[in-house]
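Please read the structure below before turning to the comments.
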Amino acid sequence: MRKKTNAAAPNESEKAQFAPPQPGLEFMARFEVNLDAPILELGRIGSAGKRRVIPITGGKFKGPRLDGIILNNGADWQLVSTDGLACMDTRYALKTRDGALIYIQTRGYRYGPAKVMAEVAKGNPVDPKKYYFRVYINFETGSARYKWLNRTLAIGAGMRLRNKVIYDAYIVK
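Counted from 1, the sequence shown has number 171 at position 172 by numbering that gives the first Met the number 0; the numbering is strictly sequential.
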């Protein structure tokens, strides 16, 4: 029986010559996302946790290449596990100052010590270094000026306030 070989596998000299690049981060924009009541509590979804829908009612974003408003048309379709992990899944639309429309989706996690998260849930000011709030961000647009967003991977670190989420987004280079 013949042993199969992978013709595309690098030889030892090629392995020594090249290495994957280390990604870097470039500041993209600060997003201030307004949230509003009522939060729709859909209840327990099997063993996965509780599903809730948090309306996104507006806001703004500003950075070196992006500047505009968040439209009143989205939500966070959040799943909260029994141990308090919030799995965020937001979808909403942006409108730039020059009129371009951009679809944005974020997915990520928010969690921390129970006492800290209880304060966050009450809307009390909490140092965002005391809990984890990270998202990855995808964009879609038909605008020629912003088509670079269609092939950009971004990540963000954020904080939750009473009626607002603020996060700084970074392009992964």
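Each residue gets a CB set at the ideal place from its N, CA and C atoms; glycine is no exception.
In or out: residue i buried (at least 16 other Cβ within 10 Å) or exposed?
| i | result |
| --- | --- |
| L41 | exposed |
| V52 | exposed |
| Q16 | exposed |
| I170 | buried |
| T89 | buried |
| F30 | buried |
| I44 | exposed |
Which of helix, strand or coil does DSSP assign to residue i?
| i | result |
| --- | --- |
| L148 | helix |
| V125 | coil |
| A156 | strand |
| A120 | helix |
| A92 | strand |
Identify every residue that forms a DSSP beta bridge with residue i.
| i | result |
| --- | --- |
| L78 | R50, C86 |
| E25 | I170 |
For my contact list, residue i and residue j are in at a C-beta cut-off of 8 Å; report their separation, rounded to the angstrom.
| i | j | result |
| --- | --- | --- |
| K172 | L65 | Between L65 and K172 the Cβ distance is about 16 Å, and since that is not below 8 Å, they are no contact. |
message = For the pair the stretch 130-150 and the stretch 92-110, tell me if three or more CB-CB distances fall below 8 Å.
response = They touch, by the three-pair rule.
ask   = Given 8 Å as the limit, is there contact between the stretch 103-122 and the stretch 79-88, that is, 3 or more CB pairs closer than that?
value = Under the 8 Å Cβ criterion, the stretch 103-122 counts as touching the stretch 79-88, having at least three qualifying pairs.
ask   = Do three or more CB pairs link the stretch 113-124 to the stretch 56-75 at distances below 8 Å?
value = Because the criterion of three Cβ pairs below 8 Å is not met, the stretch 113-124 and the stretch 56-75 do not touch.
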